[in-house]
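Residue numbers (my numbering): 382 to 826.
No residue lacks a Cβ here, since even glycine has one placed at the ideal position from N, Cα and C.
All values reported here derive from a predicted model rather than from experimental measurement.
Structure record follows, encoded as structure tokens.
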Amino acid sequence: MPLFIIYFAHYHEDFRLAELEALSKLENVKITYKSAYSATSPFLLVDIASAQLAAKLVQRGILIRQIIEYWGSQPTYSELFDEIKQQTDRLAEYKHKSFKFIVDGFGKSLSQEQKVEVIESFSFMGFEGPIRMRGAEAEFFVCEEYGESDKPMPLETPQMIWFGRVVGQGSRDLIDRFDVKKRTYLGNTTMDAELSLIMSNQALAREGSLVYDPFVGTGSFLLTCSHFGALSMGSDIDGRQIRGTAGFKRGINGIKANLKQYNLGDRVLDTAVFDICHNPWRAGPLFDAIVTDPPYGVRAGAKRLGRANGTIPELSLKIVDGVENYKRAEYYPPTVPYEMSDVIGDLMQFAAEKLVVGGRLVYWLPTVADEYDPKDLPVHPALSLVANSEQPFGGWSRRLITMEKVREFSADSSLEGVDDPAHKNFRDRYFSKFEKLELCDEQCK
Ligand SMILES: C[S@@+](CC[C@H](N)C(=O)[O-])C[C@H]1O[C@@H](n2cnc3c(N)ncnc32)[C@H](O)[C@@H]1O
């Protein structure tokens with residue numbers, strides 16, 4: 382089977398393999414690993430049946446720059462050239478084709494002169510076709526790998542030189558397209574574009590799938606999931622987030638303004654305002670994916686409908702400004718705090734029931750890093766863990782959890798978990814440990 386180099390972006394290293402595996406499932410392209418994955422290297426060798434399938438595999442990749450047909454990798458150019466010279470069929474195939482070379486360094490930047498020198502050293506390949514910077518029939522890739530770029534002194538010579546023919550590109554251009562700084566409407570909870578796009582891949586969002594965000598806020602995931610063809614919908618206890626009276630920008634309202642900006646109005650079905658603990662969904666499986674960022678309760682405590690005396694608020698029939706209070710746009714019902722481990726537990730239970738078999742739950746779990754234990758993750762017999770990737774922020778981190786529904790939901794099966802997971806009472810833990818440190822940093826400046 383042909384061998385390919387996956388050339389990862391060197392960001393979110395804990396998310397890259399999970400995304401690759403999601404893409405393999407999404408595009409139905411089988412991969413066999415031929416080298417061990419390393420968080421410190423952007424290269425991974427895999428077997429894939431054909432170059433066409435390799436290109437298909439990475440076309441939605443956010444953490445994948447390119448996929449390259451492997452021609453060789455050696456610690457020195459002379460050894461690399463010997464390896465390439467043996468591939469006479471390949472050299473003959475590209476002898477008369479138009480071509481270009483891309484030279485890159487990982488862990489060290491190469492000057493323009495060094496790049497030209499590298500390109501010229503490949504003249505032994507005997508290519509006679511024209512060089513074309515645009516629309517070349519073959520694009521060759523050379524990368525000198527020096528090791529992680531944060532090393533104080535890069536190595537003098539590369540530890541490895543990689544060479545091959547580029548056969549496919551990822552979709553990193555979408556990060557710029559969905560950049561939150563360019564978004565018409567955003568709020569202080571809007572999710573970064575790169576992570577929203579990765580989540581859409583983890584959720585296998587695709588043409589015709591139905592995706593739901595129960596904590597929709599400003600609707601980041603509706604945009605990225607629907608960009609990939611999914612029909613999406615969301616709800617939130619706070620209609621002001623959806624309508625845009627909070628985080629209001631440039632005079633256009635809420636999520637609708639973003640749908641217009643990205644021309645996604647026909648794929649984002651609707652949004653609604655309700656507490657997920659009292660949701661109106663019919664029983665049984667409905668969604669292909671649930672993609673969400675639950676309230677952590679750091680900036681504003683997570684809430685659910687209720688009164689301090691333990692009763693659920695009834696519809697308020699009080700008349701304010703001539704209309705029933707609950708019909709006013711700015712009405713916000715009485716709420717009580719919603720503890721983080723309850724939020725996560727309820728979300729899992731909801732997903733176990735409301736996902737179709739094979740459907741995915743993709744959500745963020747905040748934890749105190751040094752207290753986190755993998756056992757903190759609640760488990761449900763209908764849901765199987767697919768990926769658990771950490772985004773560290775010093776003492777605390779958030780984890781992107783991907784689960785897949787593996788069997789029908791049964792009302793007598795329930796959630797299991799430890800009593801005191803590191804996300805329990807996250808707000809209190811966060812403020813007792815980190816906010817003081819941050820304040821101190823600010824004051825010491
Ligand atoms: C972290 S924010 C989600 C941000 C969102 N991903 C975005 O792109 O803006 C969490 C959201 O959950 C909502 N929320 C809190 N408690 C809720 C509940 N019980 N039911 C539904 N939504 C709730 C909050 O109003 C908030 O908008």
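Bridge-paired residues (DSSP) for residue i
i, result
"R482", "Here residue 482 turns out to be Phe, not Arg, going by the sequence shown. F482 is bridged to F521."
"Y677", "Answer is none; Y677 lacks a bridge partner."
"F655", "In the DSSP output, where bridge partners are listed per residue, F655 has none listed."
"M784", "L742 and L766"
"S552", "Paired residue(s): none; S552 is not in a bridge."
"T413", "D428"
"L444", "In DSSP, L444 forms no bridge with anything."
"D594", "G615"
"V649", "S613"
"P747", "R779"
"P773", "S778"
"F898", "Since the first residue of the chain shown is 382 and the last is 826, residue 898 is not available in this structure."
"V547", "I449"
"S454", "W543"
"P718", "K684"
"I386", "L426 and I449"
Proximity test, Cβ basis, 8 Å: residue i and chain B
i, result
"E408", "Of the protein chains in the structure, only one exists, and it is not chain B."
Residue i and residue j closer than 8 Å at C-beta
i, j, result
"E525", "L472", "no"
"L444", "Y392", "yes"
"L728", "P675", "yes"
"G551", "R446", "yes"
"V654", "R685", "no"
"T764", "I671", "A small correction: the amino acid at residue 764 is Leu; Thr does not occupy that position in the sequence shown. For L764 and I671, no; Cβs fall outside 8 Å."
"K481", "A517", "yes"
"G545", "W452", "yes"
"R624", "N634", "yes"
"P595", "T652", "no"
"Y527", "F559", "no"
"Y719", "A683", "yes"
"E529", "T421", "yes"
"V799", "K756", "yes"
Residue i: CB within 7 Å of a non-hydrogen atom of ligand 1
i, result
"P595", "yes"
"M572", "yes"
"R741", "no"
"I618", "yes"
"K684", "yes"
"D470", "no"
"Q622", "yes"
"T599", "yes"
"I657", "yes"
"D674", "yes"
"G568", "yes"
"F602", "yes"
"Y719", "yes"
Cβ-based neighbour list, residue i, same chain, cut-off 8 Å, excluding 5 preceding and 5 following
i, result
"F668", "L591, V592, Y593, K735, L736, V737 and G740"
"T571", "V561, R564, G598, T599, S601 and G628"
"K699", "E705 and N706"
"L766", "L758, V760, I782, T783 and M784"
"V439", "I387, L404, I445, Q447, I448, G549, Q550 and G551"
"E400", "G442, I443, L444, I445, I579, N582 and Q583"
"V701", "R709"
"L461", "G453, S454, Q455, I542 and F544"
"R513", "S479, F480 and K481"
Cut-off 7 Å between Cβ atoms - residues of its own chain near residue i, not counting five sequence neighbours on either side
i, result
"K437", "E408 and V410"
"V427", "F385, I387, I412, T413, Y414 and K415"
"Q467", "none"
"E509", "K476 and H477"
"Y712", "N706"
"K630", "Confidence at K630 is low in this model, with a pLDDT of 46, below 50, so the placement of that residue should be treated as unreliable; the coordinate-derived value is given next. Contacts found: T565, Y566 and L567."
"V499", "V484 and V523"
"E464", "G453 and Q455"
"E588", "G610"
"R553", "A390, I443 and R446"
"Y418", "L398 and L425"
Same chain, Cβ closer than 6 Å to residue i, neighbours up to 5 away in sequence not counted
i, result
"V749", "W777, A803 and R810"
"E771", "D395, S778 and R780"
"A390", "L444 and R446"
"V649", "L603, S607, S613 and L640"
"E797", "V760"
"P383", "none"
"A733", "H761, A763, L764 and F790"
"D656", "I618, R685 and L686"
"A435", "F385, I429, I448, V548 and G549"
"G775", "none"
"Q493", "none"
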